[in-house]
Every structure is written in structure tokens, then in C-alpha cells.
Amino acid sequence: MLIGTFEMCGDGYAGRLRTLTCDAVITIVRAQPSAAENAPEWRLLLGDAASGIEIGAGWNRTGERAGAFIAVQIDDPAFAVPLRANLLRASQKDREHHLLWSRPSARERS
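Residue numbers for the sequence shown, in this note's numbering: 1032 to 1141.
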């Protein structure tokens, strides 16, 4: 399910997350390099890069069919569990990316 549209801007992305209960402007910027195992490569900010508050993180991934994408996790006190989604390049536009979400299967939840 498409829950957001983002455009490449500089070394990151800017766009909007839209669901029935959420309408937020989000900026995705590179995280500071870290030697920690599984450290995120991206930070998700509510608002712009200069003054936004951190609401999530992202990790670079590669899939057989999707190619390179960013797996993101967004959290908020209003959420029962963190929202997990994938940011993928839109098939026909190089600068446009889609944030896609799907409900986890019962096996993934346990």
C-alpha cells in the first residue's frame, strides 16, 4: 500500500507520509557513520532537516526484484507498534520514490 511520496533532494529525500490517521512532512537524511552493528544509515525527521525532530531510522537494503531500497521504521507514542515501510524508486521517475507499507504476516508478528 502506498503511504507516501518522496523526492530526492541533495543527499536525501523529502516528502509526505499520508494514512487515515497521519499526514506528516518527513525529511530523510543520511545518519552519521557508526561502527555499531546494525546502525541505521538514515534518519527520518518530522519537518525539515534543519529543525525537524527525529521520528525514525532507515537501513539500505537490496532485493532481487526491487533492487536498492531503504527499509524505514517510524515510531510515535500514539502508535501501538513502530510503522515499518520501504522507500523504493518509482518505476518511471528517477527522482520520485514511494513509501510502501504492508501488514506483517502472523508469522512475522510472532
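Yeah, the Cβ is synthetic: ideal placement off N, Cα and C, and Gly gets one too.
Every unbroken beta strand (DSSP E) within the region 1035 to 1123, with a cutoff of 3 residues, ordered by chain:
Restricted to the region 1035 to 1123, the beta strand (DSSP E) segments that are unbroken, complete and at least 3 residues in length are 1043 to 1049, 1054 to 1061, 1073 to 1077, 1084 to 1094, 1098 to 1105 and 1114 to 1120, listed in chain order.
What does the alpha-carbon distance come out to for the pair L1077 and V1056?
Cα to Cα, the separation comes out at about 6 Å.
Straight-line CA distance for T1093 to A1109?
In a straight line, the C-alpha of T1093 is about 30 Å away from that of A1109.
Thinking C-beta only, is I1059 closer than 7 Å to W1132?
Against a cut-off of 7 Å, the Cβ pair of I1059 and W1132 comes out as no contact.
Closest by CA to S1065, which one among E1085, W1090 and A1045?
That would be W1090, whose Cα lies nearest to the Cα of S1065.
So, using beta-carbon positions, are I1105 and L1114 closer together than 7 Å?
Yes. Within cutoff.
I'd like to know whether the C-beta atoms of N1117 and A1102 end up nearer to each other than 7 Å.
In terms of Cβ geometry, N1117 and A1102 form a close pair [threshold 7 Å].
Determine the direct distance from the alpha carbon of E1072 to that of Q1063, and round the result to whole angstroms.
Approximately 8 Å, taken between the alpha carbons.
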